[in-house]
Each structure stands twice: as C-alpha cells, then as structure tokens.
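Enquirer: Questions regarding the structure given below will be posed in turn.
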Amino acid sequence: MLILMCCSVRFGQASISEEPCLINLPQELSLEIVQPRNSVVLREEVVDMLQKSGRKVVAHPDSWAPKLGIHIEETVSKSFVLQYSLSQSHYEQTDNGAKYQYVTDLLCSVTEVEDVLLSIRTAIFES
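Each residue of the sequence shown is one higher than the one before, counting from 1035 in the working numbering.
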C-alpha cells in the first residue's frame, strides 16, 4: 500500500495535503472502474490514457492479466475519493495438484479530489 501524505501544523491546527497518487502498473492489464451513477469519468478515457502510457489493456475481465481497479466515490462536499487497487491471480503447481489464489492489493488512496481525470492521468503518467 502506498499512501503519500504531508502534514503541517499552523496556529495549533493540523492540515493535511496529499501528494499525487503514484502507482506502479504492469504492462498488460484489464480495467474496472466503479463510480457513482452519474458517471464522473468514461472508461474509454482511462483506456486511452493507459494505452498512451505504453500499456496494453485487455478487454475481457477473465484474463490472467492483472486488473486495475479505480473506485470513485463522491463526498458530501462534492469532491471525490479515489482508490486504486490491483487484483491478480496466483497459480502454483503443488504436489497435491494446484493452488489458486486471487489477491487484491490497495495501491493507494487519494482524498479531496476536484479533477478526477487529472488525478488518474497523474497516477498513470508520473509513475
């Protein structure tokens, strides 16, 4: 898990500002975007960003390729929280057959996001 935060104290109050969410992505992956009903970002926009960054996006979710999950939630203050996760299948041949495990890791989380597309673009291109 990678969460980058900077804290400063002014006049006895703590304020928190987050650095951009920088994630390390594999070259080939599938994509899942979970967001409120009123779509904040189009899947095609994120696929385009991933492809421009040199990554191959596979269309079928049952692929063995890792899956990047982007979960977008709107806050009461009308800003957004973004969580990036990476899900991968782990297959291992054992003496008794095979061992299969599906693991999801939270890569990072960003709060108080005003521009969702800019935040995603930063995470993809500045990693």
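Every residue, glycine too, gets a C-beta built ideally from N, C-alpha and C.
Inspect the beta-carbon positions of serine 1113 and glutamate 1079 and report whether they are closer than 7 Å.
Expert: For the purposes of this step, residue 1113 is identified with residue 79 of the sequence shown, where counting begins at 1. For the purposes of this step, residue 1079 is identified with residue 45 of the sequence shown, where counting begins at 1. No, the pair does not count as a contact, with Cβ atoms beyond the cut-off.
Enquirer: In the DSSP assignment, what are the bridge partners of lysine 1133?
Expert: Working through the sequence shown from its first residue, we reach residue 1133 at position 99. BP columns for lysine 1133 point to Glu1126.
Enquirer: By DSSP's criteria, isoleucine 1154 is part of a beta bridge. Which residues make up the other side?
Expert: Here the question's residue 1154 lines up with position 120 in the sequence shown. Paired residues: none, contrary to the question.
Enquirer: Quick test of your reading: valine 1091 and leucine 1084, contact by CB under 8 Å. State the CB separation rounded to the nearest angstrom.
Expert: Taking the sequence shown and counting its residues from 1, one reaches residue 1091 at position 57. Taking the sequence shown and counting its residues from 1, one reaches residue 1084 at position 50. Rounded, the Cβ-Cβ distance is 5 Å, consistent with contact.
Enquirer: Select from Tyr1134, Glu1062, Arg1071 and Tyr1125 the residue whose C-alpha is nearest the C-alpha of lysine 1101.
Expert: Within the sequence shown, numbered from 1, the residue matching residue 1101 stands at position 67. Ranking the options by Cα distance to lysine 1101, first place goes to Glu1062.
Enquirer: What are the partner residues of lysine 1101, as DSSP defines its beta bridges?
Expert: Taking the sequence shown and counting its residues from 1, the one referred to as residue 1101 is at position 67. Note: lysine 1101 sits in a beta bridge opposite Ser1064 and Ser1121.
Enquirer: Could you check where the alpha helix (DSSP H) with leucine 1084 kicks off and where it finishes?
Expert: One-based indexing of the sequence shown puts residue 1084 at position 50. 1077–1086 is the span of the alpha helix (DSSP H), which, as asked, contains leucine 1084.
Enquirer: Tell me the rounded alpha-carbon separation between glutamate 1148 and tyrosine 1136.
Expert: Numbered from its first residue, the sequence shown carries residue 1148 at position 114. Numbered from its first residue, the sequence shown carries residue 1136 at position 102. Answer to the nearest angstrom: the Cα atoms are 33 Å apart.
Enquirer: What's the C-alpha gap between serine 1153 and serine 1097?
Expert: For this step, residue 1153 is matched to residue 119 along the sequence shown. For this step, residue 1097 is matched to residue 63 along the sequence shown. Their backbone Cα atoms lie some 27 Å apart in a straight line.
Enquirer: Can you tell me the Cα-Cα spacing of threonine 1109 and threonine 1128, whole angstroms?
Expert: The residue given as residue 1109 occupies position 75 in the sequence shown. The residue given as residue 1128 occupies position 94 in the sequence shown. For threonine 1109 and threonine 1128, the distance between alpha carbons rounds to 46 Å.
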